[in-house]
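Written below as structure tokens is the structure these notes are about.
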Amino acid sequence: MSATAEHRDLLRFVTAGSVDDGKSTLIGRLLYESNSIYEDQLSSVRRASEAKHNDLDLSLLTDGLRAEREQGITIDVAYRYFTTPRRKFIIADAPGHEQYTRNMATGSSTADLALILVDARKGVLEQTRRHALIASLLGIRSLVVAVNKMDLIGFDEKTFHLLCEEFRSVAASFRDTEVHYLPLSALTGENVIRHNGSMPWYSGPSVLELLETIPIPKRPEEAFRFPVQSVVRPDQDFRGYAGRVSSGTVQTGQEVIALPSGQRTGITGIQLYTDKLEEGTKFQSLVLTTSTHIDLGRGDMLVSVDHLPVLSTRVTANLVWLSSIPLHNETRYLIKHTTKTVCGRVSRLHHKVNINTLEPVPADSLNLNDIGEVQLELHSPIFCDRYQQNRSTGSFIVIDPHTNDTVAAGMIVDAVALGSKEAAEEPFAEARAATGHGVTAWFTGLSGAGKTTLCRAVATELLAQGLQVEVIDGDIIRKHLCKDLGFSKQDRDENIRRIAFVSKLLTRNGVIVLVSAISPYRAARDEARSVIGDFIEVYVNTPIEVCELRDAKDLYKKARAGQVHGFTGIDDPYEPPLKAEVVCDTSRQSVREVSSQIVDRVLRYIATPNLHRDTNS
Amino acid sequence: MSMSHLDSLEAESIDIIREVVAESSRPAMLYSVGKDSSVMLRLAQKAFYPGKIPFPLLHIDTGFKFRDMLTFRDRTCSDLGLKLIVHRNEDAIRDGANPFRLGTSKCCSLLKTKALLDAIAQNGIDAAIGGARREEEKSRAKERVFSVRDNFGQWDPKNQRPEFWNLYNVRVSAGQTLRVFPLSNWTELDVWEYIDRERIPVVPLYFAKERQMLVRGDFLIPLDHSIDLLPGEEPQLVMCRMRSLGCTYCTGAVRSSAATVPEIIEELRVIRRSERENRLIDHDQEASMELKKREGYF
């Protein structure tokens, strides 16, 4: 007989319920009865049980931390695994204690199903309600209510039905949710794997039977979304986009849209290692290739043509607050959404949810374990959907840039489309004047060296520090302020003069200016340095071979073919800086490494401008 | 058709590996040469194909590794064109550290934990990708996929970052580093089923054959490195294989006749003993893995 892997699918579920409802015992029982516990693990539990009392305490199988075994409660989510011939299961065993509610939310975020335990003697408690709400809020559409400890009420049918009735009123408000009800005794094993005859009135499935056969809930028809994680560019002949299909499907030959550029392109290849696929589906980690060269990198997204996500800098979202430091509306937070991290702040706190009544109540702030609805203003747009529609493009985490902790998990309720009338009312740049000292960080280097990518990363970090930042991108300036200029030496010098002039005005007013421009001539840059005064030169010294390999805009190709003239590095010189404050090479260093070096430099500069100006000029 | 469990696990692991590389400064993969490392390596190849694996491998060599492991390690790295950093705690090795003299706990702390922390510091690594699985051990069941370690490399299990969806927070403060576990949700059986499906090469020590062993109580101790025999002890030929690979003194073999990957999978489906039972270091005291992890062991 072949021992190769059978085709089993994967069901992820979270267990919930109040303290002492018997979650750990039920999981221990499932593992024990499905032969997923090894003898040596069992014998150590047996020894520990005997030290306390006589019965085998199956809950000891799951409480992994010393403090948990000492206190006899579950503190943190533990992940457990078991496999039957039909399915592989991943259990997130979440704590029941109120102070660990955030851990219940953590476990729910990746689960397809929630198994909610209710003590037959105690009924539906506050914590049962809270957990059911969190599960629903986190998008779980399949609930199993397991009424446990039936042995302690004599396996009474009437009590079971009363409890089910009680829970139905809680679940009534949950959208598109299917609820299953089961009586059992985790302690005696009744109805965990099979019926043992104590409840002849019950003819439904056992816990395991239900878990093995319940369809993995299908989401409403989702549109194709592919957030780009990185660009795969091993040589001239290959350019692919690595990422995970977060929803929908994609076929070779299909037309898609690249965001934020809005360019249309065709999918020419779907690769998973050496396999070439015809179709890519939700959750697969793939490399996609496109028919045309498009400017696409980490944080960008490929999406279906007919259902576009909303481009937005203002979203309404439910936040689960995870930190003991309360939400503060002056703080700039980092928002990680798909593969993009942007700076943002909470501009309004609409309300907080009263967990017992599920009603919105007014609130001044969100504290640890609170759930509330807020409005977020983002510094640059994200491409999002409603969480109820799409769990991946509808979710984000909130990071405190000072502690680097994850302080909240967010689910998008609504998003204002960029460019709509509503979006224009209150721009992100609040009327707060810059108070500090300004400086211009001038990124120079070849086309494709990584200047713009670095600028964006540095801008996000500095914005998160609450600083006034302006990015001046050479390409954008040439479309507007310098539309009249070409690429002769005179015109290039004039271009740099104008950029330097604008930078000077902003710097003088305390803004941190990040200039991204090839600026090939040394004399022009040195002039910019003396005009602006507060100046940090960042030489992005990525070798030309690497820049040419990247060639996101096909410019090198055109220059080599003679279609573009006066191209820096090909038929026009690049004069490297002689005394740049920062020299980096994005082919050898990561964006993170270089950008944090530049951020440090900028922060040190604005803290002690005189010191730096003196030594550098 | 829905994805199989192996496809789902693979996709999740690739996603994790790509995220570390995209968002950390200097990632490295802890390569211990075992079956989990072999699977991780294949997943890393898949994550960046047709590009190359963009980080070095780091092997913590205690001086007590099996000869077969070192041969396999060097061949794998040269076949795949990978950069390998080998780090040893030379001071402790020179001082003659071994588990008989120091006890397993102290020996591990010097040759593995200290060596690992030193290697991470000396190479400026801010994210170390490791092959630990939550199923292996009860404190590992509580681990995050992206696990923050403080300035001393220590794990604080009561103060872990919540981890939502697949939105991993890769940011650390000065001095902190990350341990990243792409195989968090894999079981031992998944690993072998994947090795089988993908035809991944592994160290031959995993396959049963007759080997010279010292039989001491329930333990089968390999004789790669010299060991003092107790009165009456004689090496014996035993049909056995290694179920997990560590240092020769502290990794017992198991009696088995499983000589191929499918036979190992069959064996695992019926076996009633846990994978790390033969790892002496997990049992030197109550909650010993948790204590080691708190110190900085991955």
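Each protein sequence line maps, in turn, to chains A and B. Just so it is clear: in the first sequence, position 543 is 617 by the numbering used here, and no numbers are missing. Just so it is clear: in the second sequence, position 135 is 477 by the numbering used here, and no numbers are missing. Don't be surprised by glycine CBs; every beta carbon is placed ideally from N, CA and C.
What residues in its chain sit with their C-beta under 6 Å from that of residue i, if we drop five residues either side in the sequence?
i                      : result
residue 260 of chain A : 96, 99, 100, 103, 222
residue 611 of chain A : 516, 651, 654, 655
residue 630 of chain A : 622
residue 439 of chain A : 400, 401
residue 297 of chain A : 322, 378, 381
residue 495 of chain B : 459, 638
residue 356 of chain A : 319, 321
Around the C-beta of residue i, are 16 or more other C-beta atoms found within 10 angstroms, so that it is buried, or is it exposed?
i                      : result
residue 678 of chain A : exposed
residue 327 of chain A : exposed
residue 560 of chain A : exposed
residue 635 of chain B : buried
residue 459 of chain A : buried
residue 491 of chain B : buried
residue 571 of chain B : exposed
residue 564 of chain B : buried
residue 578 of chain A : buried
residue 463 of chain A : buried
residue 463 of chain B : exposed
residue 533 of chain A : buried
residue 226 of chain A : exposed
residue 391 of chain A : buried
residue 615 of chain A : buried
residue 602 of chain A : buried
residue 247 of chain A : exposed
residue 644 of chain B : Examination of residue 644 of chain B is not possible in this model, given that chain B is present from 343 through 640 alone.
What distance in whole Å lies between the Cβ atoms of residue j and residue i, which are believed to be in contact at a cut-off of 8 Å?
i                      : j                      : result
residue 520 of chain A : residue 618 of chain A : 6 Å
residue 186 of chain A : residue 86 of chain A  : 5 Å
residue 596 of chain A : residue 516 of chain A : Residue 596 of chain A to residue 516 of chain A, Cβ: 12 Å. No contact.
residue 683 of chain A : residue 511 of chain A : 5 Å
residue 361 of chain B : residue 303 of chain A : 7 Å
residue 372 of chain A : residue 623 of chain A : With 8 Å as the limit, residue 372 of chain A and residue 623 of chain A do not qualify as a contact, their Cβ atoms being about 17 Å apart.
residue 90 of chain A  : residue 168 of chain A : 6 Å
residue 34 of chain A  : residue 606 of chain A : Any question about residue 34 of chain A goes unanswered here, given that chain A covers just 75 to 691.
residue 215 of chain A : residue 291 of chain A : 5 Å
residue 509 of chain B : residue 409 of chain A : About 10 Å; that fails the 8 Å criterion.
residue 525 of chain B : residue 475 of chain B : 5 Å
residue 208 of chain A : residue 179 of chain A : 5 Å
residue 476 of chain A : residue 417 of chain A : Not a contact, Cβ separation roughly 13 Å.
residue 190 of chain A : residue 151 of chain A : No, residue 190 of chain A and residue 151 of chain A are not in contact; Cβ-Cβ is about 15 Å, not under 8 Å.
residue 645 of chain A : residue 522 of chain A : Their Cβ separation, rounded to whole angstroms, is 16 Å, which puts residue 645 of chain A and residue 522 of chain A out of contact at 8 Å.
residue 359 of chain B : residue 389 of chain B : 4 Å
residue 267 of chain A : residue 107 of chain A : 4 Å
residue 489 of chain A : residue 335 of chain A : 20 Å between Cβ atoms; not a contact.
residue 318 of chain A : residue 358 of chain A : 7 Å
Identify, in the order they occur along the chain, each residue of the same chain with its Cβ nearer than 7 Å to the Cβ of residue i, setting aside the five sequence neighbours on each side.
i                      : result
residue 257 of chain A : 221, 224, 234, 265, 273, 276
residue 404 of chain B : 453, 454, 589
residue 278 of chain A : 256
residue 511 of chain B : 488, 503
residue 409 of chain B : 566
residue 133 of chain A : 98, 99, 102
residue 448 of chain A : 391, 393, 420, 422, 423, 424
Leaving out five residues on either side along the sequence, give the residues of the same chain with a beta carbon under 8 Å from the beta carbon of residue i.
i                      : result
residue 531 of chain B : 607, 610, 611
residue 161 of chain A : 82, 83, 84, 85, 285, 286
residue 695 of chain A : Residue coverage of chain A in this structure runs from 75 to 691, which leaves residue 695 of chain A outside it and unanswerable.
residue 546 of chain A : 573, 576, 577, 587, 588, 589, 590, 591
(request) Taking a Cβ distance cut-off of 9 Å, strictly less, list which residues of the region 153-168 of chain A are near chain B, in chain order. (result) Contacts with chain B (Cβ-Cβ distance below 9 Å) from the region 153-168 of chain A involve 153, 154, 155, 156, 157, 161, 162, 164, 167, listed in chain order.
(message) Using a Cβ distance threshold of 8 Å, determine whether the region 428-446 of chain A contacts the region 352-371 of chain A, with at least three qualifying pairs required.
(response) Using a C-beta cut-off of 8 Å, the region 428-446 of chain A makes no contact with the region 352-371 of chain A, since fewer than three inter-stretch Cβ pairs fall below that distance.
(message) Against chain B, which members of the region 612-628 of chain A pass a CB distance test of less than 9 Å?
(response) Taking 9 Å as the Cβ-Cβ cut-off against chain B, none of the residues of the region 612-628 of chain A qualify.
(message) Count Cβ pairs between the region 393-412 of chain A and the region 478-498 of chain A that sit closer than 8 Å; are there 3 or more?
(response) At 8 Å Cβ cutoff, the stretches touch.
(request) With 8 Å as the C-beta to C-beta threshold (strictly closer), list the residues of the region 169-189 of chain A near chain B in chain order. (result) Listed in sequence order: 176, 177, 179, 180, 183, 184.
(message) Does the structure place the region 181-200 of chain A close enough to the region 107-118 of chain A that three or more beta carbon pairs sit under 8 Å?
(response) Cβ pair count under 8 Å is below three, so no.
(request) Assess, as a yes-or-no matter, whether the region 358-374 of chain B is touched by the region 390-400 of chain B under the definition of 3 or more beta carbon pairs within less than 8 Å. (result) Counting Cβ pairs under 8 Å, three or more are found: they touch.
(message) Tell me which residues of the region 640-668 of chain A have at least one Cβ-Cβ distance to chain B shorter than 7 Å, keeping chain order.
(response) Within the region 640-668 of chain A, the residues whose Cβ lies closer than 7 Å to some Cβ of chain B are 664, 666, 667, listed in chain order.
(message) Which residues of the region 301-312 of chain A have a Cβ closer than 8 Å to any Cβ of chain B? Give them in chain order.
(response) Under the 8 Å Cβ criterion, the region 301-312 of chain A contributes 303, 304, 306, 307, 308, 312.
(request) Using a Cβ-Cβ cut-off of less than 8 Å, list which residues of the region 400-422 of chain B approach chain A; keep chain order. (result) Going along the region 400-422 of chain B in chain order, one finds no residue with a Cβ nearer than 8 Å to chain A.
(request) Could you please tell me which residues of the region 312-328 of chain A, in chain order, have their CB closer than 7 Å to any CB of chain B? (result) For the region 312-328 of chain A, the beta-carbon criterion of a distance under 7 Å to any beta-carbon of chain B is satisfied by 312, 316, 318.
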